[in-house]
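Quick note, in the working numbering, the sequence shown goes up one by one and the last residue is 490.
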Amino acid sequence: MLQTALVLPAPDVEALIQGRTILAMPRIFLNPGRAFSLYPADASINLLPPPRYYNSNFLPVAQTSISQLGEQTVAIKAWAKCELCQIVDSSESLDALSRLTVWTPEALQETLAQRQRIFLAFLRVYKLPDPVQVRVYARERYFVPLPQGIGVTDSVPVISDSLFAHRRVRLENREVPAHPELEELQAELAPLALSNPAAKQLDEELKIFLGWGGEVPVNQPDADLDWIRTIAEVGNSSDGQTFEKLVRRSFVKLGFSNSNRKPEASLDPNATGGAGGLDFYCQTPYSVVGECKASQNESVPNSVSSQLIHLGHTHLGKELFDRSIKIIVAAGSLTRHAKRAAIENKINVMRPKTLQRLLELKAKHPGSVDLLELKPYLLQAPFGEDAETEVNRYIDNVWQKLKLRSHILRLVKDFLDRTKGESVCFSQLHGVYVYSNPPQPLLSREQLRDILIELSSPLTGYLGRDEASDWESDHFYFLRELPVDG
Numbered sequence: 005m006l007q008t009a010l011v012l013p014a015p016d017v018e019a020l021i022q023g024r025t026i027l028a029m030p031r032i033f034l035n036p037g038r039a040f041s042l043y044p045a046d047a048s049i050n051l052l053p054p055p056r057y058y059n060s061n062f063l064p065v066a067q068t069s070i071s072q073l074g075e076q077t078v079a080i081k082a083w084a085k086c087e088l089c090q091i092v093d094s095s096e097s098l099d100a101l102s103r104l105t106v107w108t109p110e111a112l113q114e115t116l117a118q119r120q121r122i123f124l125a126f127l128r129v130y131k132l133p134d135p136v137q138v139r140v141y142a143r144e145r146y147f148v149p150l151p152q153g154i155g156v157t158d159s160v161p162v163i164s165d166s167l168f169a170h171r172r173v174r175l176e177n178r179e180v181p182a183h184p185e186l187e188e189l190q191a192e193l194a195p196l197a198l199s200n201p202a203a204k205q206l207d208e209e210l211k212i213f214l215g216w217g218g219e220v221p222v223n224q225p226d227a228d229l230d231w232i233r234t235i236a237e238v239g240n241s242s243d244g245q246t247f248e249k250l251v252r253r254s255f256v257k258l259g260f261s262n263s264n265r266k267p268e269a270s271l272d273p274n275a276t277g278g279a280g281g282l283d284f285y286c287q288t289p290y291s292v293v294g295e296c297k298a299s300q301n302e303s304v305p306n307s308v309s310s311q312l313i314h315l316g317h318t319h320l321g322k323e324l325f326d327r328s329i330k331i332i333v334a335a336g337s338l339t340r341h342a343k344r345a346a347i348e349n350k351i352n353v354m355r356p357k358t359l360q361r362l363l364e365l366k367a368k369h370p371g372s373v374d375l376l377e378l379k380p381y382l383l384q385a386p387f388g389e390d391a392e393t394e395v396n397r398y399i400d401n402v403w404q405k406l407k408l409r410s411h412i413l414r415l416v417k418d419f420l421d422r423t424k425g426e427s428v429c430f431s432q433l434h435g436v437y438v439y440s441n442p443p444q445p446l447l448s449r450e451q452l453r454d455i456l457i458e459l460s461s462p463l464t465g466y467l468g469r470d471e472a473s474d475w476e477s478d479h480f481y482f483l484r485e486l487p488v489d490g
């Protein structure tokens, strides 16, 4: 039960709750181990106005938090425990400290001049399940009493134990931020994130990668899954026009495009090729031409293959058609003559359910389908109906890669939870991996290293990485999970 709240400027409290910082600048020394809730006071308790007190990449957040303060009551949203309190004097570089905090060098200099020292508290912050409303107190207080004690638990930390330990070490050593350019990008995104769902998603992912914690964003299901899950059903119906539009839409979703305005050789998902036109044609990243045939109960006659060849020569020319990947998307079985024609002319047959499966993979894991990696599976024998096996093999391989990466991430997380460490050395992790019953044949040390580097890239942001002079000594720490349900 907490009976008191530490008074801090509202922007500082917001920075702690967001996980943007683990530091506070209280006006008195805090004994390590002391616990208290966080009371957001008006920023007028600061020695300078917000534009001079807070760094520019934090200023929009600071101004928003100030504007949300109530006149009669304030909302207490979190509690904290002091892990360490340092005393900073004039011997320290305030410019270096500013780069590691939300405060400007001018704010730190003014604080030092007024108070003769700066108290720098390392706070382990936890969110309350529901905000607690308390009345506004006089601003000169260091702590304010709570009308009623607040029962708290440590079940909702703003950042994990390992990430807190990692950041504490970096701050104690005054190590410069690892990705200042991404901090600038996040600052630019923050205002957009208030009204733009895509910007909000990226904003949250950037915060996690930067080690600012916060809740792992719950990926909203791709809205396109609604129509993607109808591909097999429509492909097994007699609605040929709807099926053709779905197939075109599918290839666009996969990343194919076509700048050709000619309706007879188009990829417009809202149109069809019409009489005498190709059902779909992709230009980039490579040429794909195809025909669609809905209905499971009808065999696919040889005329479909013949029509694809004829229309391809007519609208693309023999040279371009011959070097294009050729696909018939059909639910029904090919007749004996149609099978032969497909194989002889290197035409792939893809079932609607397989196309749906490929699209579901793309929708659930947007970066997982690499069209250049898929290309060899469509270019090489076997052709005809046996091409199905190759496409499904590609899909299975991608799911296997995702499961392996998810497994490695769980190893890092479980190791740090068990040891309470801030990071895990590559050599240690390799030893854990070898005995972890991984979901595919054992990786070499080099292969495991490559995957860890991939997962710690700013473009993925699943792990953080501290580089060493010897890659065997690189350290990794956990940022977020990769859920895989395929």
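C-beta atoms are modelled at their ideal positions from N, C-alpha and C, and glycine is treated no differently.
Which class does residue i belong to by DSSP, given the choice of helix, strand or coil?
| i | result |
| --- | --- |
| Gly-341 | According to the sequence as given, residue 341 is His; it is not Gly. His-341 falls in the helix class under three-state DSSP. |
| Trp-216 | coil |
| Arg-174 | helix |
| Gln-90 | strand |
| Gly-336 | coil |
| His-183 | coil |
| Thr-288 | strand |
| Glu-209 | helix |
| Ala-14 | helix |
| Val-140 | coil |
| Lys-297 | strand |
| Leu-320 | helix |
| Ser-41 | strand |
| Ala-385 | coil |
| Ile-232 | helix |
| Thr-105 | coil |
| Thr-77 | strand |
| Ile-446 | First, the amino acid is wrong: residue 446 is Leu here, not Ile. Coil. |
| Ala-47 | helix |
| Pro-487 | coil |
Assign residue i to buried or exposed, taking buried as 16 or more other Cβ atoms, counted over all protein chains shown, within 10 Å of its Cβ.
| i | result |
| --- | --- |
| Glu-485 | exposed |
| Ser-427 | buried |
| Phe-33 | exposed |
| Met-29 | buried |
| Leu-12 | buried |
| Met-322 | First, the amino acid is wrong: residue 322 is Lys here, not Met. Counting Cβ neighbours within 10 Å, Lys-322 comes out exposed, since fewer than 16 surround it. |
| Arg-252 | buried |
| Glu-496 | Residue 496 is absent from the structure shown; the chain starts at 5 and stops at 490. |
| Val-173 | exposed |
| Leu-155 | A small fix is needed here, since residue 155 is Gly in this sequence, not Leu. Exposed, because fewer than 16 other Cβ atoms sit within 10 Å of the Cβ of Gly-155. |
| Ile-122 | buried |
Return the bridge partner residues of residue i from the DSSP annotation.
| i | result |
| --- | --- |
| Leu-6 | Ile-154 |
| Val-148 | Ala-9 |
| Pro-354 | Residue 354 is actually Met in this sequence, not Pro. Met-354 pairs with Val-333. |
| Tyr-466 | According to DSSP, Tyr-466 bridges with nothing at all. |
| His-479 | Cys-429 and Asp-470 |
| Tyr-130 | Trp-83 and Pro-161 |
| Phe-123 | Ile-91 |
Looking at the secondary structure, which residues open and close the alpha helix (DSSP H) in which residue i lies?
| i | result |
| --- | --- |
| Ala-117 | 109-119 |
| His-369 | Neither: His-369 is in no alpha helix (DSSP H) and is coded neither H nor E. |
| Lys-266 | First-last for Lys-266: undefined, no H or E at that position. |
| Gly-244 | 244-258 |
| Glu-96 | First-last for Glu-96: undefined, no H or E at that position. |
| Phe-419 | 391-423 |
I'd like the span of the beta strand (DSSP E) that includes residue i, first residue to last.
| i | result |
| --- | --- |
| Ile-455 | Note, Ile-455: premise wrong, no beta strand (DSSP E); alpha helix (DSSP H) at 449-459. |
At least three beta-carbon pairs within less than 8 Å, the region 225-244 to the region 261-270: No: the two stretches stay apart, fewer than three of their Cβ pairs being nearer than 8 Å.
Could you tell me whether the region 123-134 touches the region 145-163, using the rule of 3 or more Cβ pairs below 8 Å? In short, these stretches touch, since the Cβ pair count reaches three.
Please determine if the region 334-343 and the region 298-312 are in contact, where contact requires at least 3 C-beta pairs separated by less than 8 Å. Flag = yes, the region 334-343 and the region 298-312 touch.
Does the region 414-431 come within contact of the region 376-394, defined as at least 3 CB pairs closer than 8 Å? Counting Cβ pairs under 8 Å, fewer than three are found: no touch.
Pair every Cβ in the region 34-44 with every Cβ in the region 72-88, then say whether three or more of these pairs are closer than 8 Å. Counting Cβ pairs under 8 Å, three or more are found: they touch.
Does the structure place the region 93-105 close enough to the region 163-181 that three or more beta carbon pairs sit under 8 Å? Output reads yes: the region 93-105 touches the region 163-181.
Does the region 84-100 come within contact of the region 53-61, defined as at least 3 CB pairs closer than 8 Å? Contact between the region 84-100 and the region 53-61 is absent, because fewer than three Cβ pairs lie under 8 Å.
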